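Each number in this note's numbering corresponds to the 1-based position in the sequence shown with 23 added. Idealized CB from N, CA, C, for every residue including glycine. Computed from a prediction, not measured in an experiment: that's the story for all the values here. Here the structure comes first, spelled out in structure tokens, and everything after it is commentary.
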Amino acid sequence: MDLGLSIILARILQFFHEVLGVEWGWAIILLTVLIKILLFPTSISQFRSMEKMKKIQPLYQKLQEKYKNDPQELQKKTMELYKAHNVNPLGGCLPILIQLPFLVGLFTMLNNPDKYGIDMSNAVFLGMNLLQSGYIPLGIVSGVTTFLQQKMTPTAGADSSQSTMMYIMPFFIGWLTITLKAGVGLYWTASTILGIAQQWVINRFILAKESPKEELSGEKDQEQKGKPKKAKPKESTQQESTQ
């Protein structure tokens, strides 16, 4: 389902190529820059959410240990923890979901550029025909940059499954880049490289200036709930002390 996004992307690429006079490869890179700028606010929100998830991870691990035999109570306490620290567990996924339509739209357009009124018969960039696939060097660059971006991304935990995925994902992305048309692979690789630069800017100039240490009091607050308050000892009256 096109939803007209492929047409919009085609017109933008056409503007870059025909009006600005840049090669098709640079037109795709400029398109990537434009999309990154438009989605920059969601990227800030994403990294804020991921940083919060990372900070509350010790509290979550304690909850896991405490309620390991009671999944229902663990889920309840986890949601209370998220609420106490204003954390949206799905906040890190939103920018990825928003970017998918652009990737699909570009893929659809490059599959049949003539349908969208674009002549890309001479779309060659760095020796690659952007309408063909099978370029191994592009796949290697894509895989390496994906790995670097994952290393920079704050994670809520370092369990074995996440560590395994960190090494599997770059190979999968590299293979996918080789399999798809080079134009799509170029977009993905440029997006990843820009994402690394964008992440450094967000960490260095935005998140670093915000509260560096958030007091993790959520667990203590939860433990206090349900505990009866200790009665204060009655103070002896002055009359008793004088007698």
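Short Cβ contact (9 Å threshold) for residue i with residue j
i	j	result
valine 207	leucine 129	yes
phenylalanine 63	glutamine 221	yes
valine 147	tryptophan 47	yes
methionine 188	phenylalanine 170	no
lysine 75	valine 42	no
isoleucine 229	glutamine 172	no
glycine 162	threonine 200	yes
isoleucine 141	leucine 209	no
leucine 28	leucine 54	no
alanine 205	asparagine 152	yes
leucine 82	lysine 91	no
lysine 78	histidine 40	no
tryptophan 211	isoleucine 191	no
Proximity to residue i [Cα-Cα], best of the options
i	options	result
alanine 213	His40, Leu43 and Ile58	Ile58
isoleucine 121	Thr65, Gly162, Lys78 and Leu133	Thr65
isoleucine 60	Ala231, Lys232 and Ile225	Ile225
isoleucine 216	Leu97, Lys232, Val164 and Thr131	Val164
isoleucine 30	Ala205, Val167 and Met132	Met132
serine 72	Gln84, Met143 and Lys106	Lys106
isoleucine 51	Thr168, Lys174 and Met143	Met143
proline 193	Gly166, Lys174, Thr176 and Leu203	Gly166
glutamine 69	Gly197, Ile119 and Thr202	Ile119
tryptophan 198	Lys174, Thr176, Arg227 and Pro160	Pro160
DSSP-derived helix/strand/coil call for residue i
i	result
asparagine 152	strand
valine 224	helix
valine 207	helix
leucine 32	helix
isoleucine 196	helix
tyrosine 105	helix
asparagine 134	helix
valine 42	helix
lysine 77	helix
threonine 20	The structure shown does not extend to residue 20, since the chain is modelled only from 24 through 266, so no value can be given for it.
valine 110	coil
leucine 62	coil
glycine 157	coil
lysine 89	helix
glycine 128	helix
isoleucine 141	coil
glycine 166	helix
glycine 218	helix
glycine 27	coil
Distance cut-off 8 Å: residue i Cβ against heavy atoms of the ligand SAM
i	result
histidine 40	Ligands are entirely absent from the displayed structure, and the ligand SAM is therefore not among its contents.
Cross-strand partners of residue i (DSSP beta bridge)
i	result
valine 147	Asn152
Any chain B beta carbon closer than 9 Å to residue i
i	result
tyrosine 90	The structure shown contains no chain B; it holds only a single protein chain.
*Check whether the stretch 129-138 touches the stretch 99-111, counting contact only when three or more Cβ pairs, one atom from each stretch, lie closer than 8 Å.*
no
_Whether or not the stretch 143-161 and the stretch 119-126 are in contact is what I'm after, with contact meaning three or more pairs of Cβ atoms, one per stretch, closer than 8 Å; do they touch?_
Contact between the stretch 119-126 and the stretch 143-161 is absent, with fewer than three C-beta pairs closer than 8 Å.
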